[in-house]
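**Q**
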Amino acid sequence: MELPKLNFQETFDFKFKKDKDKFFIYDLVRKTYLLLTPEEWVRQHWIHYYLTVKSYSTSALITEKKVVLNGLTKRIDLLVTEKTEPVILIECKAPQIKLTEKTFEQTARYNSIIGAKEIVLTNGLQHINAYYENEQYMFYKPE
């Protein structure tokens with residue numbers, strides 16, 4: 001199994017298993033093994049980042065939450081909460097997916113329902129961060 005090295009300073013301790021010819025990665029939030037897709041590889045990096053580097057509890061992280069947007073049911077990839085309030089919405093794409101204005105707008109539409117103060121659009125190699133204030137997104141580079 002060849003996984004791309006993602007753009008994180010830290011290395012995380014992932015648990016994997018193989019069943020037949022498929023690989024699975026352990027999700028610390030859902031406490032189960034999930035099919036290891038390129039997008040899941042990115043999401044698991046962010047989950048480990050918020051748990052180990054930022055010291056959030058697993059209960060502060062929400063994955064695959066359903067949102068209804070224009071009558072369509074969508075799922076957000078990862079939401080970081082503080083005291084149950086949405087703080088950071090993370091939209092994960094596979095590493096080979098280019099991050100564009102269109103993918104950012106998709107994330108912003110999801111956030112119009114969620115109401116997080118910050119959003120991160122990521123393919124694991126590139127991360128786009130933005131705060132929402134005064135009814136617009138302000139892009140920034142994290143330190």
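Everything in the sequence shown is counted per the UniProt record's numbering, starting at 1 for the first residue and increasing by one. All C-beta atoms, glycine included, are put in the ideal place defined by N, C-alpha and C.
(1) Put residue 18 into one of helix, strand or coil per three-state DSSP.
(2) In whole angstroms, give me the CA-to-CA distance for residue 102 and residue 136.
(3) Which class does residue 101 belong to by DSSP, given the choice of helix, strand or coil?
(4) Only counting runs of 4 or more residues, tell me where the alpha helix (DSSP H) segments fall wholly within the stretch 33 to 99, in order along the chain.
(5) Taking the continuous beta strand (DSSP E) assigned at residue 29, which residues delimit it?
(6) What separation, rounded to the nearest whole angstrom, lies between the Cα atoms of residue 100 and residue 48?
(7) For the beta strand (DSSP E) containing residue 143, list its first residue and its last residue.
(8) For residue 134, name the three-state secondary structure that DSSP assigns.
(9) Within 10 Å of its beta-carbon, does residue 109 have 16 or more other beta-carbons around it, so buried, or fewer, so exposed?
(10) With a cut-off of 8 Å, do at least 3 Cβ pairs link the stretch 113 to 130 to the stretch 69 to 82?
(11) Which same chain residues, not among the five before or five after residue 45, have their C-beta less than 8 Å away from its C-beta?
(12) Is residue 73 near residue 66, with beta carbons less than 7 Å apart?
**A** Straight from the coordinates:
(1) strand
(2) 16 Å
(3) helix
(4) 38 to 48
(5) Premise fails: residue 29 is in no beta strand (DSSP E) and is neither H nor E.
(6) 25 Å
(7) Taken as a continuous stretch (DSSP letters only), residue 143 belongs to no beta strand (DSSP E), as it is neither H nor E.
(8) coil
(9) exposed
(10) yes
(11) 6, 8, 12, 124
(12) yes
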